[in-house]
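Take a look at the structure set out below.
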Amino acid sequence: MTNLDDSPRTVLEIQHLSYQYAGGCVALDDVSFTVSHGEVVGLVGPSGAGKSTLLMHLNGLLPDRRELRQRRTEPPSVIVDGVPVREDTLSDVRRKVGFLFQDPDDQLFCPTVEEDVAFGPLHLDLPREEVRRRVRESLAAVGLDGYGSRSTVRLSVGERKRVCLAGVFACQPTLLALDEPFSNLDPRSRRALIAILRDFPGAQIIATHDLDLIVEVCSRVIILDQGRLQADGPACQILSDQELVEKHGLEVPLRLRLASDHEAMHSTRSV
Ligand code: ADP
């Protein structure tokens, strides 16, 4: 059947998601939003807002606590590219979601770079030649050509993050879920990672405290605070709203402050 609708397809659909940890902390409270193919969404909020908990729901990294998180009568749901995230669909979901942990040491566990990047595609039951091709191409995409035989423990943090990303890319995910991807990176590694993410054609959801990065990379931003969705809209518009961002423990990013100072200076001059 021909698709007459030109709008990009929905790759993430979250409906009425709540989550309470075993100790009683309500980390997510009735969160709903969708993300379309190609959209890059920044997820921001103060520490403890629920950002990591939300990301972990995208590929079922948390134990199912359905009886606690279901406060409404209709079932809460996380649907990735048409597949509901459930115990019995996890392998399918994890093919679609590339998850980058904040700390690369939580993600790297093979002795060499090549083995680590190959791990995901090998578990997708791809032919050896295809795995080798994907490893080669993914390492090249993150600027680590020729690193294949290097030991993962003898790399810098920036390089280890890039190896993790190569492993994620090698599985050709539909959606990237990135938890503080820029923490502990020097400016050069940060720029390299920004360039890599800009080239990724699929959807991305990036949880970070780095609001200048959001302005640079994301078209849309979601503010989460106390587990609730507080704002969702164009990144520059939301992050330049001083009252809104300060209310949620954030600051207007330097870039937007400078832009508005510049504008104010020009409008004063032209009076
Ligand atoms: P963020 O990523 O925005 O900093 P988190 O999702 O890590 O927020 O945490 C949301 C809330 O859930 C916080 O109050 C945090 O203390 C709590 N929390 C996170 N992990 C656990 C856990 N394993 N057990 C109990 N509470 C947790």
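Quick note: the sequence shown uses the numbering used here, first residue 45, plus one each step. Glycine included, each C-beta is placed from N, C-alpha and C at the ideal position.
Inset, instruction - Starting from residue 243, trace the alpha helix (DSSP H) both ways and give me its first and last residue. - result: Translated into positions along the sequence shown, residue 243 becomes position 199. Counting along the chain, the alpha helix (DSSP H) containing residue 243 begins and ends at 231-243.
Inset, instruction - With a 10 Å radius around its C-beta and 16 neighbouring C-beta atoms as the bar for buried, classify residue 402 as buried or exposed. - result: Outside the shown range of the chain (45 to 315) lies residue 402, about which nothing can therefore be said.
Inset, instruction - Give me the Cα-Cα distance between residue 85 and residue 177, rounded to the nearest whole angstrom. - result: By one-based count along the sequence shown, residue 85 stands at place 41. By one-based count along the sequence shown, residue 177 stands at place 133. Distance between the alpha carbons of residue 85 and residue 177 is about 30 Å.
Legend entry - Exercise answer, beta-carbon shell around the ligand ADP heavy atoms below 5 Å: 65, 67, 69, 71, 91, 92, 93, 94, 95, 96, 97
Inset, instruction - Taking only the alpha-carbon atoms, compute the straight-line gap between residue 273 and residue 302 and give it to the nearest angstrom. - result: For the purposes of this step, residue 273 is identified with residue 229 of the sequence shown, where counting begins at 1. For the purposes of this step, residue 302 is identified with residue 258 of the sequence shown, where counting begins at 1. Going from the Cα of residue 273 to the Cα of residue 302 covers about 28 Å.
Inset, instruction - Could you spell out the range, first to last residue, of the beta strand (DSSP E) harbouring residue 277? - result: Stepping through the sequence shown from its first residue, residue 277 is reached at position 233. Here the beta strand (DSSP E) through residue 277 covers 272-278.
Legend entry - Neighbourhood of residue 112 by C-beta, 6 Å cutoff - its chain only, sequence neighbours within 5 removed: By one-based count along the sequence shown, residue 112 stands at place 68. Residue placement at residue 112 is poorly supported in this model, since its pLDDT is 48, which falls under 50; the coordinates still yield a value, given next. So the list reads 64, once near-sequence residues are dropped.
Legend entry - residue 211 - containing alpha helix (DSSP H), residue span: Indexing the sequence shown from 1 puts residue 211 at position 167. Counting along the chain, the alpha helix (DSSP H) containing residue 211 begins and ends at 201-214.
Inset, instruction - In angstroms with no decimal places, state the Cα-to-Cα distance between residue 91 and residue 200. - result: Here the question's residue 91 lines up with position 47 in the sequence shown. Here the question's residue 200 lines up with position 156 in the sequence shown. Approximately 26 Å, taken between the alpha carbons.
Inset, instruction - Quick one: measure Cβ to Cβ for residue 179 and residue 236, integer angstroms, because I've assumed they're closer than 8 Å. - result: Along the sequence shown, one-based indexing puts residue 179 at 135. Along the sequence shown, one-based indexing puts residue 236 at 192. Not a contact, Cβ separation roughly 19 Å.
Legend entry - For residue 57: DSSP bridge partner residues: In the sequence shown, the residue the question calls residue 57 occupies position 13. Answer by DSSP bridge pairing, in chain order: 78, 123.
Inset, instruction - Answer with buried or exposed for residue 148, where buried requires no fewer than 16 other C-beta atoms within 10 angstroms of its C-beta. - result: The residue given as residue 148 occupies position 104 in the sequence shown. Result: buried.
Inset, instruction - Let me know if residue 271 comes out buried or exposed under the rule of 16 or more other beta-carbons within 10 Å of its beta-carbon. - result: Here residue 271 corresponds to residue number 227 of the sequence shown, with the count starting at 1. Buried, since its Cβ has 16 or more Cβ neighbours within 10 Å.
Inset, instruction - Flag this pair as yes or no: are the beta carbons of residue 143 and residue 221 separated by less than 9 Å? - result: Here residue 143 refers to the residue found at position 99 when the sequence shown is read from its first residue. Here residue 221 refers to the residue found at position 177 when the sequence shown is read from its first residue. Yes, the Cβ-Cβ distance between residue 143 and residue 221 is below 9 Å.
Inset, instruction - Please state whether DSSP places residue 86 in a helix, a strand or coil. - result: Taking the sequence shown and counting its residues from 1, the one referred to as residue 86 is at position 42. It is a strand residue.
Legend entry - Spatially closest choice to residue 188 from 292, 207, 264, by CA coordinates: Here residue 188 corresponds to residue number 144 of the sequence shown, with the count starting at 1. Measuring from the Cα of residue 188, the nearest candidate turns out to be 207.
Inset, instruction - Put residue 133 into one of helix, strand or coil per three-state DSSP. - result: Translated into the one-based positions of the sequence shown, residue 133 becomes position 89. Looking at residue 133 - three-state DSSP - the assignment turns out to be helix.
Inset, instruction - Below 7 Å CB to CB, which residues in the same chain sit around residue 195 once its five sequence neighbours on both sides are set aside? - result: The residue you call residue 195 lines up with position 151 of the sequence shown. So the list reads 155, 156, once near-sequence residues are dropped.
Legend entry - Burial state of residue 263 (16 or more Cβ within 10 Å): As a working mapping, residue 263 is identified with position 219 in the sequence shown. Exposed, by the Cβ-count rule.
Legend entry - Exposure label - residue 68; buried when at least 16 CB within 10 Å: By one-based count along the sequence shown, residue 68 stands at place 24. Exposed, since its Cβ has fewer than 16 Cβ neighbours within 10 Å.
Legend entry - Endpoints, alpha helix (DSSP H) assigned at residue 294: Against the sequence shown, residue 294 aligns to sequence position 250. Taken as a continuous stretch (DSSP letters only), residue 294 belongs to no alpha helix (DSSP H), as it is neither H nor E.
Legend entry - Whole alpha helix (DSSP H) elements within the region 163-199, 4-residue minimum: 172-185
Legend entry - For residue 183, the nearest candidate out of 252, 240, 225, 122 (CA to CA): For the purposes of this step, residue 183 is taken as the residue at position 139 of the sequence shown. Nearest of 252, 240, 225, 122 to residue 183, Cα basis: 240.
Legend entry - Unbroken alpha helix (DSSP H) run spanning residue 256, endpoints: The count along the sequence shown starts at 1 and reaches residue 256 at position 212. Run containing residue 256: 255-261, per the alpha helix (DSSP H) assignment.
Inset, instruction - Below 7 Å CB to CB, which residues in the same chain sit around residue 46 once its five sequence neighbours on both sides are set aside? - result: Taking the sequence shown and counting its residues from 1, the one referred to as residue 46 is at position 2. Confidence at residue 46 is low in this model, with a pLDDT of 47, below 50, so its placement is unreliable and no value can be given for it.
Legend entry - Three-way DSSP call (helix, strand, coil) for residue 220 in this model: Indexing the sequence shown from 1 puts residue 220 at position 176. Three-state result, residue 220: strand.
Legend entry - Under 9 Å between C-beta atoms of residue 249 and residue 79: Numbered from 1 along the sequence shown, position 205 holds the residue referred to as residue 249. Numbered from 1 along the sequence shown, position 35 holds the residue referred to as residue 79. Going by C-beta atoms, residue 249 is nearer than 9 Å to residue 79.
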